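Letter by letter, the sequence shown follows residues -28 to -1, 1 to 508 in mature numbering (1 follows the signal peptide of the UniProt record, and there is no 0).
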Amino acid sequence: MKMKQWKSAGIWTCIVLMIMTAPVSASASQAAESSAGQNLSSAKKRVQEPFRIKVVDAETGRGIPLVELKTTNNILYYTDSAGVVAFNEPGLMDQTVFFHLSSHGYDIPADMFGNRGQAVQIIPGGMITIGMNRVNIAERLYRITGQGIYRDSMLLGLGAPVQEPLINGLVMGQDSVQTIVYNHKLYWFWGDTDRPAYPLGNFRVTGATSKLPQNGGLDPDAGVNLDYFTNGDGFVKSLVPQLPDGAGIAWVFGLMTARDSTGQERLLAGYSTHNPGLSAFGILAFNDNIKEFEQVVQFPSKDDWRHPGGQATYYEESGAGYWLFTEHRMPNLRVPASYDAIIDYTQYESFTCLTPGTTYNGAQTSLERDANGKLVWGWKKNTPPLNQNQEKELIHLGVIQADDSHYYQLQDADTGEEVQISSSAAQWNDYRQRYVMIGQQVQGKTSVLGEIWYAEAPAPQGPWTHAKKIVTHNNYTFYNVAQHKNFNKDGGRVIYFEGTYTNTFTNQVPTPRYNYNQVMYKLDLANPKLGLTHMN
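1. For Lys440, tell me which candidate among Glu390, Ala374 and Tyr486 has the shortest Cα-Cα distance.
2. Taking Ala385 as the reference, which of Phe258, Asn261 and Trp425 has the closest Cα?
3. Considering Cα atoms alone, identify which of Ala309, Phe23, Gly434 and Val57 is closest to Trp349.
4. Considering only DSSP beta bridges, list what Glu428 is partnered with.
5. Can you give me the C-alpha to C-alpha distance between Tyr114 and Tyr332, rounded to a whole angstrom?
6. In whole angstroms, what is the alpha-carbon distance linking Pro308 and Asn197?
7. In or out: Thr178 buried (at least 16 other Cβ within 10 Å) or exposed?
8. Check whether the Cβ atoms of Ser322 and Thr298 sit closer than 7 Å, and answer yes or no.
9. Residues bridged to Val466 by DSSP?
10. Do you know offhand how far Met492's Cα is from Lys183's?
11. Would you list the one or two residues that DSSP bridges to Ser182?
12. Just verifying my parser: in three-state terms, what is the DSSP assignment at His456?
13. Given that a residue counts as buried once 16 or more other Cβ atoms are within 10 Å of its Cβ, and exposed if not, what is Ala(-3)?
14. May I have a chain-ordered list of the beta strand (DSSP E) segments no shorter than 3 residues that lie completely inside the segment 63 to 90?
15. Closest to Asp217 by C-alpha separation, out of Ala230, Gly206 and Pro248, would be which residue?
16. Roughly how many angstroms lie between the CA atoms of Ile100 and Asn87, to the nearest whole one?
17. Alpha helix (DSSP H) containing His246: first to last residue?
18. DSSP three-state call for His300: helix, strand or coil?
19. Can you say whether Glu237 is buried or exposed, counting buried as having 16 or more other CB atoms within 10 angstroms of its CB?
20. Is the distance from the Cβ of Leu382 to the Cβ of Trp436 below 7 Å?
21. Taking Cβ positions, are Ile255 and Leu240 nearer each other than 7 Å?
22. Contact defined as beta carbons within less than 8 Å: I believe Asn105 pairs with Ile80. What is the distance between those atoms, to the nearest angstrom?
23. For Arg406 versus Glu428, is the C-beta distance shorter than 7 Å?
24. Between the Cα of His300 and those of Gly141, Thr117, Ala374 and Phe225, spot the shortest distance and give me the residue it belongs to.
25. Can you give me the start and stop residues for the alpha helix (DSSP H) that Ile367 sits inside?
26. How about Leu73 and Gly89: are their beta carbons less than 7 Å apart?
27. Could you check whether the segment 196 to 212 touches the segment 472 to 479, counting it as contact only if at least three pairs of C-beta atoms, one from each stretch, sit closer than 8 Å?
28. What do you get for Leu48, buried or exposed, if any count of 16 or more other CB atoms within 10 angstroms of its CB means buried?
29. With respect to the alpha helix (DSSP H) encompassing Met144, which residues constitute its N-terminal and C-terminal limits?
30. How is Gly254 classed by DSSP in three states: helix, strand or coil?
31. Tell me the residue span of the beta strand (DSSP E) that contains Tyr50.
32. So what does Asn105 bridge to, in DSSP terms?
33. Alpha helix (DSSP H) containing Ala313: first to last residue?
34. Please classify Leu502: does DSSP put it in a helix, a strand, or coil?
35. Please work out which residues of its chain come closer than 6 Å, Cβ to Cβ, to Asp166, disregarding the five sequence neighbours upstream and downstream, and give them in chain order.
36. Identify whether Ser396 lies in helix, strand or coil by the three-state DSSP scheme.
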């Protein structure tokens, strides 16, 4: 009985104690949880504040786009077009982190163990600037197309010089640019274009316009504000409707302007269609009202050399105007700058030393010589151009002799080694009073199609004799370069060019955001590293 009373009293005592202490215990628990939550929230906020890393050109102090930063556990970051990385890696904040640094055409000294990079004390909200030495003679400026051009700068609240720094026209990737001044604006056209919504995008030409620098456009050092032609969904529109040959892919190149029979200036372009192999060549005209190209003519044969292509430039000779093209790798194709001539394939001429009406035939090739035996190079109809390899072979065979004029045997100005050109863009330059060519090498030492060279000649067709490498890539492609003569500064002393940065024709992993997009460079022709006096 006493035992039962004790137990009963004990139970009641426990209940009373529980009632009395329960609120106190709950309050303490809540306070502890609240305190921990506040600490955790504070920690999260601190971790979420990025650390700014800026990589700059040690010579100019300008941010370098396309620099890879790699941690010791192989986390990869790439600087945006301002040279900035917004570093915010949980577990690595408030730590010393070593970054391996690498970038095509830029370098940083190696330490005693061969590591090229820098150890950085990461402090949330802090920043550091790291310099790299430029190996390239040309200076990389920014990426023009694609998503996230200034991604990291925007994450850091730094802003950007262009109106659409994150995505424009829903373009993710974009191939091979063509530009021309038309209706007081700069018109831009590209090939295949990727989008966010699906792996297949636009394969029938993409376009945009921008204001010229002298008419309110951006300084080309800062960037380009592209105004894309788009559909209702915001993605870029296809600018080439289905053509009679029925091929699914269409590209444009060799942009020209000429006045039609009514006196109206028209924007014309050479085109090719593919399905996926080559289907046809011809001429398109841009319709200003519907903002699309329309077919003017399809040329008779896809195997004929007489069609515009590559990069085009206007020039005059003996009082007549011509459009010059680099369709056959070098500037050796032209057509009179009239509407009727452009749409007539028989009016296209090549620069060659072949006997008129003949073709290259190895050791049996027929060359035109005058009465004194001098080789006759000239603009000729119905005669295909002689390319760099064919000229080299004829020299080797003795058909073209050592004392004959050679037009395409381009050599490295420093080593004398041969430089084979895959594509090029040539323009007259007031500063140099010569034609300047930016050429893409095939089978370069460090990349198959990523070495870019500068060359000069007294005439648009050459002779092209010496070249200087201005851009290099490490096993990466940079193709279909285009010069922007409308961006030239200081009377042509500073020139601008771009190309398509892509892992095509390599075994490299694509560079995030940059791959299959356009990258802009500038080149100061007064740079002593070019050695122009020696080169000429």
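Glycine is no exception: its CB is placed at the ideal position from the N, C-alpha and C atoms. For clarity, every value in this text was computed on a predicted model and none was experimentally measured.
Taking the coordinates as given:
1. Here residue 440 refers to the residue found at position 468 of the sequence shown. Ranking Glu390, Ala374 and Tyr486 by Cα distance to Lys440 puts Glu390 first.
2. By 1-based counting over the sequence shown, the position of residue 385 is 413. Considering only alpha carbons, the answer is Trp425.
3. Numbered from 1 along the sequence shown, position 377 holds the residue referred to as residue 349. The option with the nearest alpha carbon to Trp349 is Gly434.
4. Along the sequence shown, one-based indexing puts residue 428 at 456. The partner list for Glu428 (beta bridge, DSSP) reads Val408.
5. Numbered from its first residue, the sequence shown carries residue 114 at position 142. Numbered from its first residue, the sequence shown carries residue 332 at position 360. Answer to the nearest angstrom: the Cα atoms are 43 Å apart.
6. The count along the sequence shown starts at 1 and reaches residue 308 at position 336. The count along the sequence shown starts at 1 and reaches residue 197 at position 225. Taking the straight line joining both Cα atoms gives about 33 Å.
7. Within the sequence shown, the letter at position 206 stands for residue 178. Classification for Thr178: buried.
8. Residue mapping note: residue 322 aligns to position 350 of the sequence shown, counting from 1. Residue mapping note: residue 298 aligns to position 326 of the sequence shown, counting from 1. Between Ser322 and Thr298, the CB-CB gap reaches or exceeds 7 Å.
9. Locating residue 466 in the sequence shown gives position 494, where the first residue counts as 1. Val466 pairs with Lys461 and Asp496.
10. As a position in the sequence shown, residue 492 is number 520, starting the count at 1. As a position in the sequence shown, residue 183 is number 211, starting the count at 1. One C-alpha to the other measures close to 17 Å.
11. Residue mapping note: residue 182 aligns to position 210 of the sequence shown, counting from 1. Partner(s): Leu158.
12. One-based indexing of the sequence shown puts residue 456 at position 484. DSSP places His456 in the coil class of the three-state scheme, outside both helix and strand.
13. The count along the sequence shown starts at 1 and reaches residue -3 at position 26. Only weak support is given to the placement of Ala(-3): the predicted model assigns it a pLDDT of 43, under 50, and the value that follows is read from those uncertain coordinates. Within 10 angstroms of the beta-carbon of Ala(-3) lie fewer than 16 other beta-carbons, which makes it exposed.
14. Those beta strand (DSSP E) runs which fall completely within the segment 63 to 90 and span 3+ residues are 68 to 74.
15. Position 245 of the sequence shown, counting from 1, holds the residue named residue 217. Comparing alpha-carbon positions, the option among Ala230, Gly206 and Pro248 lying closest to Asp217 turns out to be Pro248.
16. The count along the sequence shown starts at 1 and reaches residue 100 at position 128. The count along the sequence shown starts at 1 and reaches residue 87 at position 115. When the Cα atoms are used, Ile100 and Asn87 turn out to be separated by approximately 19 Å.
17. On the sequence shown, residue 246 is found 274 positions in, with the first residue counted as 1. First-last for His246: Glu237 to His246, but that is the beta strand (DSSP E), not the alpha helix (DSSP H).
18. Start at 1 with the first residue of the sequence shown, and residue 300 comes out as number 328. Note: His300 maps to strand in three-state DSSP.
19. By 1-based counting over the sequence shown, the position of residue 237 is 265. So Glu237 ends up on the exposed side.
20. Residue numbering aside, residue 382 sits at position 410 when the sequence shown is read from its first letter. Residue numbering aside, residue 436 sits at position 464 when the sequence shown is read from its first letter. Against a cut-off of 7 Å, the Cβ pair of Trp436 and Leu382 comes out as a contact.
21. By one-based count along the sequence shown, residue 255 stands at place 283. By one-based count along the sequence shown, residue 240 stands at place 268. Contact: yes.
22. In the sequence shown, counting from the first residue as 1, residue 105 sits at position 133. In the sequence shown, counting from the first residue as 1, residue 80 sits at position 108. Taking 8 Å as the upper bound for CB-CB distance, Asn105 and Ile80 are in contact here, some 7 Å apart.
23. Here the question's residue 406 lines up with position 434 in the sequence shown. Here the question's residue 428 lines up with position 456 in the sequence shown. Going by beta carbons, Arg406 and Glu428 fall inside the 7 Å limit.
24. Looking up residue 300 in the sequence shown gives position 328. Measuring from the Cα of His300, the nearest candidate turns out to be Phe225.
25. In the sequence shown, residue 367 corresponds to position 395, counting from 1. Start and end: Gln360 to Leu369.
26. Locating residue 73 in the sequence shown gives position 101, counting from the first residue. Locating residue 89 in the sequence shown gives position 117, counting from the first residue. Remark: C-beta atoms of Leu73 and Gly89 approach each other more closely than 7 Å.
27. Judged by Cβ distances under 8 Å, the segment 196 to 212 makes no contact with the segment 472 to 479, as fewer than three pairs qualify.
28. Here residue 48 refers to the residue found at position 76 when the sequence shown is read from its first residue. When all chains shown are included, Leu48 counts as exposed.
29. Position 172 of the sequence shown, counted from the start, is the residue given in the question as residue 144. Where Met144 is concerned, there is no enclosing alpha helix (DSSP H), because DSSP gives it neither an H nor an E.
30. The residue you call residue 254 lines up with position 282 of the sequence shown. In the structure shown, Gly254 falls within a strand segment according to DSSP collapsed to helix, strand and coil.
31. Within the sequence shown, the letter at position 78 stands for residue 50. Where Tyr50 is concerned, the enclosing beta strand (DSSP E) stretches over Leu48 to Tyr50.
32. For the purposes of this step, residue 105 is identified with residue 133 of the sequence shown, where counting begins at 1. Under the DSSP definition of a beta bridge, Asn105 partners with Asp79.
33. By one-based count along the sequence shown, residue 313 stands at place 341. Tyr311 to Ile314 is the extent of the alpha helix (DSSP H) around Ala313.
34. Stepping through the sequence shown from its first residue, residue 502 is reached at position 530. When secondary structure is reduced to three states using DSSP, Leu502 falls in the helix class.
35. Start at 1 with the first residue of the sequence shown, and residue 166 comes out as number 194. Only residues of its own chain outside the window of five on either side were considered, and among them Met144, Gly145 and Gly173 have a CB closer than 6 Å to the CB of Asp166, listed in chain order.
36. On the sequence shown, position 424 is the one that residue 396 refers to. Residue state for Ser396 is assigned as strand, using DSSP reduced to three classes.
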